[in-house]
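Undergrad: Got a structure for you, questions after.
There are 2 protein chains.
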Amino acid sequence: MPKGRISTRERIVLAALRLFSEKGYLGATTKEISAESGVAEVTLFRHFPSKESLLREVLSTYTFLPALLEILPSVEAMPYEKALSEIARRFIETLRLRKDLVKIMHSECHLYPEKIKGVQNAFLTELLDILAGFFKSRRKMGDLKNFDEFLAARLFLSMFYQYFITKEVLCLGLVSNYSDDSVIEGYVNIFSRGTKK
Amino acid sequence: MPKGRISTRERIVLAALRLFSEKGYLGATTKEISAESGVAEVTLFRHFPSKESLLREVLSTYTFLPALLEILPSVEAMPYEKALSEIARRFIETLRLRKDLVKIMHSECHLYPEKIKGVQNAFLTELLDILAGFFKSRRKMGDLKNFDEFLAARLFLSMFYQYFITKEVLCLGLVSNYSDDSVIEGYVNIFSRGTKK
DNA sequence: ATATAATGTTAGTAAGCACTTACAAACTCA
DNA sequence: TGAGTTTGTAAGTGCTTACTAACATTATAT
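Protein chains in written order, with the working numbering: chain Y, 18 to 214; chain U, 18 to 214.
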């Protein structure tokens, strides 16, 4: 093991994260990845038996969905619209922190398959269930109309996920005039009026 | 040129569309593409000087955004919610018809670059402007609240685009219990109440 | 029927890929 | 210091890739 610094293995995983997200899994070569991490190519293969195992390590190391689960409990006391805005804000913030990983998930996920897809599906369902629970508890407080909470949760996250992808991954300039805050305000405005009594 | 049948060139483009969408641009080989189209590999290179030029042909041939532009004029006479549902339904229908292309755009678009991105951006902006115009005219009829129409247009399409991608491209089972119609109903319900007076 | 164009067959190139082997150098820690 | 671990260097494997050259075969059209 090295000194107090970042380990060779971690440097490789970090470089792989960067290059996979930039060029895709097939587009990033093991040569590049090792160069980017400042090690010899053979060292990469001493830590990971194959390129695919490196991808798996990247995905499992930098998974961000647990971070998303922490958002919801922290907004319980807020009024409805304020809570929605805060959820959206922190959701986007989390995606931005893990932008490289989001890029990988976005573009490669339908190619590399069932095992990873299962993990994703489980986390996402959990996240949606918790958000749906938030809507249920709010409705008990008498604020909201009747609607399918799970579907509403899906809608809510879709709105902001798509906003993030378009802006940060696809880099389409469509909303260049809109700040995060103004988009959040506009979206939350419509959504909250659509779900309140 | 061949008989009344589909030309060799078209067969190659069709096969490329299929394989690019299934395996990605780098993942699909020219050998596979030529085999899939039933021609010799060398024939592919007689029609297209390079693999990249084939990709460009695929993208420009099967672009579907013009089809989307035709949706809006046809719903002008309908009541608000009915019109929204119809727009959503035909939007999803169009995406499904061009599913292969949507897959390519979805996964490769941030890799292959500025020229294509410009075309996309222009089409999308046009589409959003037209949808924004729809909201403006509805508000003149006194149905709607005040809101940023362009932002609302973006929100509306985002909702259903993300629904489509999750279901048909990522194949995440999240909404397996929901039919297209029930998702459209649920989403449109929230959106229309959020934008009506 | 014959000239022209489109395609097939075969063989090949040069480059890049993931991945390996063998050995020497450096670092870690007792 | 010395033993063990981790890394680097160098060379190379076998495979696949996009792409080409030369020539034979088929289809089309007048």
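No residue lacks a Cβ here, since even glycine has one placed at the ideal position from N, Cα and C. What you are looking at is a predicted structure, and each value in this text was computed from that prediction instead of being measured.
I believe Glu143 of chain U touches Leu86 of chain U by the beta-carbon criterion, under 8 Å. Please report the beta-carbon distance rounded to the nearest angstrom.
TA: 7 Å
Undergrad: Could you tell me which residues DSSP puts in a beta bridge with Lys99 of chain Y?
TA: Answer is none; Lys99 of chain Y lacks a bridge partner.
Undergrad: Grouping DSSP H, G and I as helix and E and B as strand, with all else coil, what is Lys213 of chain U?
TA: When DSSP states are grouped into helix, strand and coil, Lys213 of chain U belongs to the strand group.
Undergrad: Alpha carbons only, please: which of U:Val205, U:Arg26, U:Val186 and U:Ser24 is nearest the one belonging to Lys116 of chain U?
TA: U:Val186
Undergrad: Whole angstroms are fine: how far does the CA of Lys134 of chain Y sit from the CA of Thr78 of chain U?
TA: 32 Å
Undergrad: Can you give the Cα-Cα distance for Arg156 of chain Y and Ala169 of chain Y, rounded to whole angstroms?
TA: 13 Å
Undergrad: Excluding the 5 residues flanking Thr212 of chain U on each side, which residues of the same chain have their C-beta closer than 8 Å to its C-beta?
TA: Within the same chain, Thr212 of chain U has close Cβ partners Phe152, Leu161, Lys162, Phe164 and Ala169.
Undergrad: Among the candidates Y:Phe208, Y:Tyr42, Y:Ala100 and Y:Pro90, whose CA atom is the shortest distance from the CA of Ser124 of chain U?
TA: Closest in C-alpha terms to Ser124 of chain U, from the list Y:Phe208, Y:Tyr42, Y:Ala100 and Y:Pro90, comes Y:Tyr42.
Undergrad: For Asp117 of chain U, report the span of its alpha helix (DSSP H) as first-last.
TA: Lys116 to Glu125
Undergrad: Given this structure, state the Cα-to-Cα distance separating Ala149 of chain U from Cys126 of chain U, to the nearest angstrom.
TA: Distance between the alpha carbons of Ala149 of chain U and Cys126 of chain U is about 25 Å.
Undergrad: Output yes if chain U places a C-beta closer than 7 Å to the C-beta of Gly135 of chain Y; else output no.
TA: no
Undergrad: Do you know whose CA, among U:Phe167, U:Tyr178, U:Leu114 and U:Arg106, lies nearest Ser199 of chain U's CA?
TA: Looking only at U:Phe167, U:Tyr178, U:Leu114 and U:Arg106, the smallest Cα-Cα distance to Ser199 of chain U is reached by U:Arg106.
Undergrad: Among U:Val30, U:Glu27, U:Ser154 and U:Phe173, whose alpha-carbon lies nearest the alpha-carbon of Glu103 of chain U?
TA: U:Phe173
Undergrad: Return helix, strand or coil for Ser199 of chain Y, following the three-state DSSP convention.
TA: helix
Undergrad: Less than 7 Å between C-beta atoms, sequence neighbours within five positions excluded: which residues of the same chain meet that for Leu34 of chain U?
TA: Val75, Tyr79, Asp117 and Leu118
Undergrad: Check whether the Cβ atoms of Leu72 of chain Y and Phe65 of chain Y lie closer than 7 Å to each other.
TA: no
Undergrad: Considering only residues of the region 58 to 84 of chain Y, which uninterrupted alpha helix (DSSP H) runs meet the minimum length of 4 residues and lie entirely inside it, listed in chain order?
TA: 58 to 64 and 68 to 78
Undergrad: Determine the DSSP secondary structure at Leu144 of chain Y, reduced to helix, strand or coil.
TA: Three-state result, Leu144 of chain Y: helix.
Undergrad: Per DSSP, what kind of secondary structure is Leu172 of chain U in: helix, strand or coil?
TA: helix
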